[in-house]
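For the sequence shown, position 73 matches number 73 in full-length UniProt numbering, and the numbering has no gaps at all. We put the beta carbon where it would ideally sit given N, CA and C, even for glycine. Since the structure is predicted, the reported quantities are computational estimates derived from the model, not experimental observations. What follows is a single structure, written as structure tokens, with notes after it.
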Amino acid sequence: MDAADADDRLDRAFLALADPVRRRMVARLSRGPATVNELAEPFDITVQAVSKHIRVLESAGLVTRSRDAQRRPVHLDAAALEKLTEWIDRYRLIHERQYRKLDALLARSDTKESSS
1 MDAADADDRL
11 DRAFLALADP
21 VRRRMVARLS
31 RGPATVNELA
41 EPFDITVQAV
51 SKHIRVLESA
61 GLVTRSRDAQ
71 RRPVHLDAAA
81 LEKLTEWIDR
91 YRLIHERQYR
101 KLDALLARSD
111 TKESSS
């Protein structure tokens with residue numbers, strides 16, 4: 001996967017997670033697979049609307065569906081979420097290092113002022 005594909009995948013994932021209904025679905029799926037009807041239960045929306053939300057999550061690579069007899073459970077792709085976490089952590093760590101440097105600089109400044 002080249003950088004453009006990776007960026008496109010990140011964009012689709014973050015856009016998918018921008019919707020509160022889809023975030024709640026991801027939270028539910030983190031506890032295990034669920035059918036469309038099970039995912040629809042806590043929402044006051046149609047099963048068709050839930051199916052559309054699932055398609056957005058599928059397109060973003062965050063969920064998959066399997067066939068289990070008559071059921072088509074939806075599964076969370078934990079590896080896809082891990083990639084999002086890695087991307088966020090990369091920038092979080094950069095900023096943490098910058099804040100530690102600033103804290104050290106401020107601490108040295110405080111020490112100099114108190115010794116004057």
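Among residues of its own chain, excluding the 5 on either side of Arg12, which ones have a beta-carbon nearer than 8 Å to its beta-carbon? Same-chain partners within the cutoff: Ser59, Ala60, Gly61.
Taking C-beta to C-beta, are Val74 and Ala18 nearer than 8 Å? No, Cβ-Cβ distance for Val74 and Ala18 is not below 8 Å.
Whole-angstrom C-beta distance between Val36 and Arg51, which should lie under 8 Å: It should be noted that the sequence gives Ser, not Arg, for residue 51. The C-beta distance from Ser51 to Val36 rounds to 6 Å, short enough to meet the 8 Å contact threshold.
Excluding five sequence neighbours on each side, which residues of the same chain lie with their C-beta closer than 8 Å to the C-beta of Arg72? So the list reads Thr35, Val36, Arg65, Ser66, once near-sequence residues are dropped.
Any chance you could list the alpha helix (DSSP H) runs of at least 4 consecutive residues sitting entirely within the region 20 to 56, in chain order? Taking 4 residues as the minimum length, the alpha helix (DSSP H) runs contained wholly in the region 20 to 56 are 20 to 29, 36 to 40, in order along the chain.
Out of Asp7, Arg92, Leu84, Arg28, which has the shortest C-alpha to C-alpha gap to Pro42? Closest option to Pro42, Cα to Cα, is Arg28.
I'd like the list of long-range same chain contacts for Trp30, defined as Cβ closer than 7 Å, with 5 residues on each side in sequence excluded. Position check: residue 30 holds Ser in this sequence, whereas Trp was assumed. Within the same chain, Leu76 come within 7 Å of Ser30 by CB-CB distance, once the 5 residues on both sides are set aside.
Taking Arg24 as the reference, which of Leu10, Gln70, Glu86, Ile54 has the closest Cα? Closest in alpha carbon position to Arg24, among Leu10, Gln70, Glu86, Ile54, is Ile54.
When you compare each of Asp89, Leu93, Val21 to Ile45 by their alpha carbons, which one comes out closest? Per the Cα distances, Val21.
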